[in-house]
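What follows is a set of notes on a single structure, which appears directly below.
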Amino acid sequence: MEHPFREAAIAGAFVTKQGRVLEGHDADTITLEASLGALHDAGISPRDVDGVIGQAIQIVHAARSGPVWRSRSALGVPTLFEAAAAI
0 MEHPFREAAI
10 AGAFVTKQGR
20 VLEGHDADTI
30 TLEASLGALH
40 DAGISPRDVD
50 GVIGQAIQIV
60 HAARSGPVWR
70 SRSALGVPTL
80 FEAAAAI
């Protein structure tokens, strides 16, 4: 029997600048930058996204994407399982 998440993959990653204080940035702008960078790395646009995990609804709005499926799951490995199950 194949694993049910066999077809799911993390296809993009991005690392933002790091620091205690980043001039002109807050948690939302850094998260948006990371999200858009990971999408670009994966070769897709925000319009290709049909689901988000966690408290990412502001990212969907800022990227002018949507409508999307949204989960209020916690972060970490359980979130990855939930995302894979959604796919």
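Quick note on numbering that gives the first Met the number 0: the sequence shown kicks off at 0 and runs consecutively. Built from N, CA and C at the ideal position, the CB exists for glycine as well.
Find the nearest neighbour of residue i within the set the options, judged by alpha-carbon distance.
i   : options          : result
S34 : T78, I52 and E6  : I52
I29 : G42, F13 and I43 : F13
Using C-beta distances below 6 Å, list every residue in its chain close to residue i, excluding the 5 sequence neighbours before and after it, in chain order.
i   : result
A85 : G50
F4  : A83
Q17 : none
T15 : I29, E32 and A33
Beta strand (DSSP E) containing residue i: first to last residue?
i   : result
G50 : G50 to I52
Which residues in the same chain have their Cβ closer than 8 Å to the Cβ of residue i, if we skip the five residues on either side of it in sequence?
i   : result
A7  : A82, A83 and I86
G75 : none
May I ask which residues mark the beginning and end of the alpha helix (DSSP H) holding residue i?
i   : result
H39 : A26 to A41
T78 : V76 to A85
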